Each structure stands twice: as structure tokens, then as C-alpha cells.
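Numbering (my numbering), first residue to last: 2 to 95.
All C-beta atoms in this analysis are idealised placements derived from N, C-alpha and C, irrespective of residue type, glycine included.
Here the structure is a predicted model, which means the values were calculated and not measured.
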């Protein structure tokens, strides 16, 4: 496991947007700061994160960070969905 640090909050947001939220066709939008960042997180992240943290508190797993990361992956509202009858996505084994 590695650790990555940034020099500033602005660099952190830029890195997060480029790595975790890639935009279509590689277009990078301006990075939100301060109130814009707060508004962005409220619109896109908070609802899902609050649901996950609520479930985490109810379940009280042995490894909460690992549990939450798995929950967020499984409950990602932006995860592509295929709406074809009978189609099943097979996840690779770790």
C-alpha cells in the first residue's frame, strides 16, 4: 500500500478529479474551490457517502475502512448498468 500527498488543497482536488472522476474524452473541467467545492460535494458525493456511513454504523464491521470502500464500489450511483434481459456482469476474482 502506498501513500500519496499533495502540497495544497487545490492540487488535491485536481488529482482527485483526474484520477477518480475521469471525464469523457479526457476533458478536464476547472477544479472547484471553497464554496464551489462544497456545493459540488453536496450535489455529487454527500448523499451516497451518508448512506454508506449510516450502514457502516449499523453493521459495525471489524474493518470499517475496507467495508466502506467495498460498499461505495457496490453502491456507486455512476456505475454503468446494462439493461438487457438475461445479461449478467461477471466480476473478476481477486
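Alpha carbon of residue 36 to alpha carbon of residue 44, nearest angstrom: By 1-based counting over the chain shown, the position of residue 36 is 35. By 1-based counting over the chain shown, the position of residue 44 is 43. Taking the straight line from one Cα to the other gives about 12 Å.
The region 48-55 in contact with the region 66-73 per 3-pair CB rule at 8 Å: yes
Limits of the unbroken alpha helix (DSSP H) element including residue 99: Look at the range of the chain in this structure, 2 to 95, and you will see that residue 99 is not part of it.
Residue-chain proximity (residue 15, chain B), Cβ-Cβ < 8 Å: The structure shown contains no chain B; it holds only a single protein chain.
Residue 65: first and last residue of the uninterrupted alpha helix (DSSP H) it sits in: Reading the chain shown from its first residue, position 64 is the one you call residue 65. 65-75 is the extent of the alpha helix (DSSP H) around residue 65.
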